[in-house]
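Presented below is the structure to which this report refers.
Protein chains in written order, with this note's numbering: chain Z, 5 to 136; chain B, 951 to 1298; chain P, 3 to 384.
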């Protein structure tokens, strides 16, 4: 993960910073310059909620080299409270515990490492909701 | 009044039992469990490190503090397992919490007392009026060498404390530190596992410094063991804190709420801070709590806290340590544990 | 706009071509197409290729191929739209001939995937790098999430998914250019290694080396070169959000639907007029979703439709008579052109044992990413 690219996405990866269209109210994550719904270019900053539910998911068993030592791992499309959908891993669970519709909570985790000597890349993952 | 305005903890969901480790090395599990008073320990998931633990613990502290993270003027993270040798953990933690850029950040390292160091400095600069709030975290994903006695204890977890002058939950009544140069445990730059001096880590190190700091702070504050509702001592295993508590004159029930090591293991910089967090979870307004940490090298930081009425308002706002300890653990076998902890040589 | 015809085509055998380089296979397919058309020159060339940069460390594919085919200095550009690169290259060639800019245009597609690269990673770059790939998503994973949503919503079963693979392997067994020329059973699909739940290895198209090419010219001139010129009745493409999670309905492929609707409008006919279709079955679930979006079957019924045999070679609407991506192979940038090669052979009546009898109109549908781009062509014999 090249450092400039990593650094640029930090507001989204660490803090779920999104933008809300001032014209139609659509929440965009990541923020964009043009609203895909109404074409407006005026936005205000918002934070996504850290709770949601699983829309669909899979268990990745064959992964790119970067993720090979994590297999098997669960990846899901998650719909957050504000209607925004994201793709994220679901961790700290047995794959058989994961179901469509189950509530999840976002946590801060290491996502990947740039080899043994490169930067560590963090961001959001999900855990099944249970404890505050 | 300056003190803690919010506190929070985090422990991983994965565990390994002492039996599982003992069997791996042909040891008798009952001897280990009886000798060290350890049943199991937390294990960080492969995607957890000091930074992610510090962030989760801090988010819980923020829930209890109910303050705007932007008002925090200092972030101090104490750990002996910072994920980078060079590059601060604190910047990542502060960025994730939305505290940057007007903030003073530093990482601390002093074996198992790096967490209380961060607390010491956080408290001091709030008291000095330099910042409104300071966030101090003790967190670790400590490693014990395979087959070493430390493997039964070295675990992962952490706690975070926000110091401030308004909305105090636990007032800092007194502080005291007791430190000498004592090489009882160390890890050289570039080494993967720490080494230690065996029984030398006991009397000349752990006991000498905790007794020194415990006696010192009580004398300085004019308090005796009976004045305290609870006391928390660093927990490298189950036995040491009970012994040192007894030698200082504390009763077993004063230690119980914070004596979480049999299920948690030794979370190093997060050890006594998480014991403190667990003790806050059960404390009542007006009660006095003694905290004495220990860090190899060696030294102890001591604090006396007095709980305020506000503890009753904030206690339920975030997850409690007992809930973290008891929530549906996932037990690992030694093979998975070795994989999770990076103890298997892989092709790069 | 001029009407455009395909007057020749060719392809390499698909598979693990260890002894051949990306240049070798492109030139081989192109020479076959040139010979098939009987042209003595070409005016321009379009090269569909997804990511030679990642697979073999080679960009600037257009000029390289023109050089090695011996047609330099003609203008040549590599066209990229992930796995839809081949179909999009054909569309570029079609537009060039239709516009009157050039008369004889070669459209090629090529991918060399067995050269030691991290294939799973290279393919994953067709999804959202920052918000999907960053989190460890793979292509089997994305389609697995579509499959699970489809199963959850419409009751599609793993057996129905497996039927797609069984049917395409059956067709592939009749195709001498296919990577897999053997039949498989449903149990084999269900019991093969799980790649991304619920998709197993045999739900996935393989990693393939291969190239395909077609020669285009104005319809008015086509009779000079071909006994049976195949007319391009429609060429339509559409896009959708790159990230799967950005789409309103995970089980719908909007780009496929829109590109198909526009193609049917251009050709002035409907799905009932299609005699056979080569569609993008990169995974078994993809074929089910695509035949629904193309209008061959109602939304949600694709699994059942397949299970009943309606998409078999002798069914209501034969889908992937070539064996599809599943059995013929999926050299990603070549796939869109290879689909056209199959339809041209079928419409000429040259498809051998897998010939769809009396085929007059055929459709190709080629897709990029998890459905972010789709291109549909309708071909017919004049």
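Glycine is no exception: its CB is placed at the ideal position from the N, C-alpha and C atoms.
So, for residue 1218(B): in the same chain, excluding its five sequence neighbours on each side, which residues have a beta-carbon less than 6 Å away from its beta-carbon? Along the second chain, read from residue 1 onward, the residue named residue 1218(B) stands at position 268. Excluding positions up to five away in sequence, the list reads 1030, 1062, 1090, 1092.
Consult DSSP for residue 73(Z) and reduce its assignment to one of helix, strand or coil. Residue mapping note: residue 73(Z) aligns to position 69 of the first chain, counting from 1. Correct three-state label for residue 73(Z): helix.
With DSSP run on the structure shown, which of helix, strand or coil describes residue 71(P)? Counted from its first residue, the third chain places residue 71(P) at position 69. When secondary structure is reduced to three states using DSSP, residue 71(P) falls in the helix class.
Give me the chain Z residues within the contact set of residue 98(P), using Cβ-Cβ distance strictly less than 8 Å, ordered along the chain. In the third chain, the residue the question calls residue 98(P) occupies position 96. Under the 8 Å cutoff, chain Z gives no residues; its nearest Cβ is about 30 Å from residue 98(P).
Give, in chain order, every unbroken run of the beta strand (DSSP E) that is at least 3 residues long and sits entirely within the segment 1206-1232 of chain B. Counting only runs of 3 or more, we get nothing.
Spell out whether any CB of chain B is found under 7 Å from the CB atom of residue 110(Z). Residue numbering aside, residue 110(Z) sits at position 106 when the first chain is read from its first letter. Cβ-Cβ to chain B under 7 Å: no for residue 110(Z).
Buried or exposed by the 16-neighbour rule on C-beta atoms within 10 Å, applied to residue 1002(B): If you number the second chain from 1, residue 1002(B) lands on position 52. Label assigned to residue 1002(B): buried.
At a cut-off of 6 Å, is residue 1098(B) close to the ligand COA when judged by its beta-carbon and the heavy atoms of the ligand? This structure simply doesn't include the ligand COA, nor any ligand for that matter.
Any idea which residues DSSP pairs residue 291(P) with across the strands? Position 289 of the third chain, counted from the start, is the residue given in the question as residue 291(P). DSSP output for residue 291(P) lists no bridge partner at all.
Can you tell me which residues form a DSSP beta bridge with residue 1135(B)? Mapped onto the second chain, residue 1135(B) falls at position 185. DSSP lists 1146(B) as partners of residue 1135(B).
Helix, strand or coil for residue 1068(B)? Go by DSSP, reduced to three states. As a working note, residue 1068(B) is residue 118 in the second chain. Residue state, collapsed to three classes: helix.
Residue closest to residue 1227(B), alpha-carbon to alpha-carbon, out of 1190(B), 1143(B), 1275(B): Residue 1227(B) sits at position 277 when you count from the first residue of the second chain. Nearest of 1190(B), 1143(B), 1275(B) to residue 1227(B), Cα basis: 1275(B).
For residue 47(Z), which residues of its own chain have a beta-carbon under 7 Å away from its beta-carbon, when the five flanking residues on both sides are left out? Mapped onto the first chain, residue 47(Z) falls at position 43. Contacts found: 23, 24, 25, 26, 35.
Shorter than 7 Å from the beta carbon of residue 115(P) to some beta carbon of chain Z? Numbered from 1 along the third chain, position 113 holds the residue referred to as residue 115(P). No - not a single Cβ of chain Z is within 7 Å of the one on residue 115(P).
Would you mind stating whether residue 1187(B) and residue 1103(B) have Cβ atoms separated by less than 7 Å? To locate residue 1187(B), count along the second chain from 1; it is residue 237. To locate residue 1103(B), count along the second chain from 1; it is residue 153. Taking 7 Å as the cut-off, the beta carbon of residue 1187(B) is found closer than this to the beta carbon of residue 1103(B).
Contact list for the segment 43-71 of chain Z against chain P, Cβ threshold 8 Å: From the segment 43-71 of chain Z, only 59, 60, 61, 62, 63, 64, 65, 66, 67, 68, 69, 70, 71 have a Cβ closer than 8 Å to chain P.
Are the C-beta atoms of residue 136(Z) and some chain B residue less than 7 Å apart? The residue you call residue 136(Z) lines up with position 132 of the first chain. Here residue 136(Z) scores only 48 on pLDDT, less than 50, and its place in the model is too uncertain to base an answer on.
With H, G and I counted as helix, E and B as strand and the rest as coil, what does DSSP make of residue 58(Z)? Here residue 58(Z) corresponds to residue number 54 of the first chain, with the count starting at 1. Note: residue 58(Z) maps to strand in three-state DSSP.
Start and end of the beta strand (DSSP E) containing residue 1284(B)? By one-based count along the second chain, residue 1284(B) stands at place 334. Looking at the DSSP string, residue 1284(B) is not in any beta strand (DSSP E); the run it does join, the alpha helix (DSSP H), is 1284-1290.
To the nearest whole angstrom, what separates the beta carbons of residue 390(P) and residue 214(P), a pair I think is in contact under 8 Å? This structure cannot speak to residue 390(P), because chain P is shown only from 3 to 384.
Counting only C-beta atoms, is residue 151(P) closer than 7 Å to chain Z at any point? Translated into positions along the third chain, residue 151(P) becomes position 149. Yes, its Cβ sits closer than 7 Å to a Cβ of chain Z.
With 7 Å as the threshold, decide whether the Cβ of residue 22(Z) is near any Cβ in chain P. Residue numbering aside, residue 22(Z) sits at position 18 when the first chain is read from its first letter. No, no contact with chain P.
The segment 70-89 of chain P in contact with the segment 366-379 of chain P per 3-pair CB rule at 8 Å: The segment 70-89 of chain P vs the segment 366-379 of chain P: in contact.
Beta-carbon of residue 1090(B) versus every beta-carbon of chain Z: anything under 7 Å? To locate residue 1090(B), count along the second chain from 1; it is residue 140. No, residue 1090(B) does not count as interfacial toward chain Z.
Which one or two residues does DSSP pair with residue 1113(B) in a beta bridge? By 1-based counting over the second chain, the position of residue 1113(B) is 163. 954(B), 1084(B), per the DSSP bridge assignment.
In this structure, does DSSP put residue 964(B) in helix, strand or coil? The residue labelled residue 964(B) in the question sits at position 14 within the second chain. Note: residue 964(B) maps to strand in three-state DSSP.
So, are the CB atoms of residue 345(P) and residue 381(P) less than 7 Å apart? Counting from one through the third chain, the residue named residue 345(P) turns up at place 343. Counting from one through the third chain, the residue named residue 381(P) turns up at place 379. The answer is yes: Cβ separation under 7 Å.
Please state whether the Cβ-Cβ distance between residue 198(P) and residue 64(Z) is less than 7 Å. Here residue 198(P) corresponds to residue number 196 of the third chain, with the count starting at 1. Here residue 64(Z) corresponds to residue number 60 of the first chain, with the count starting at 1. Yes, Cβ-Cβ distance for residue 198(P) and residue 64(Z) is below 7 Å.
Between 200(P), 177(P), 228(P), which has its C-alpha nearest residue 322(P)'s C-alpha? By one-based count along the third chain, residue 322(P) stands at place 320. Nearest C-alpha to residue 322(P): 177(P).
Can you list the alpha helix (DSSP H) stretches of 4 or more residues lying completely in the segment 71-121 of chain P, in chain order? Whole alpha helix (DSSP H) segments, 4+ residues: 87-101.
Excluding five sequence neighbours on each side, which residues of the same chain lie with their C-beta closer than 8 Å to the C-beta of residue 1059(B)? As a first step, residue 1059(B) is located in the second chain; it is residue number 109 there, counting from the start. These residues qualify, in order along the chain: 1028, 1029, 1030, 1032.
Check whether the Cβ of residue 294(P) lies closer than 7 Å to any Cβ atom in chain Z. Reading the third chain from its first residue, position 292 is the one you call residue 294(P). Closer than 7 Å: no.
Three-state secondary structure assigned by DSSP to residue 205(P): Within the third chain, residue 205(P) is the residue found at index 203, counting from 1. For residue 205(P), the three-state secondary structure derived from DSSP is helix.
Interface residues of the segment 991-1004 of chain B facing chain Z [CB-CB below 8 Å]: Residues passing the 8 Å Cβ filter: 995, 996, 997, 998, 999, 1001, 1002.
Quick check on residue 325(P): does DSSP put it in helix, strand or coil? As a position in the third chain, residue 325(P) is number 323, starting the count at 1. Residue 325(P): coil per DSSP, three-state reduction.
For residue 373(P) and residue 30(P), the rounded distance between their alpha carbons: Walking along the third chain from the start, residue 30(P) turns up at place 28. Walking along the third chain from the start, residue 373(P) turns up at place 371. One C-alpha to the other measures close to 30 Å.
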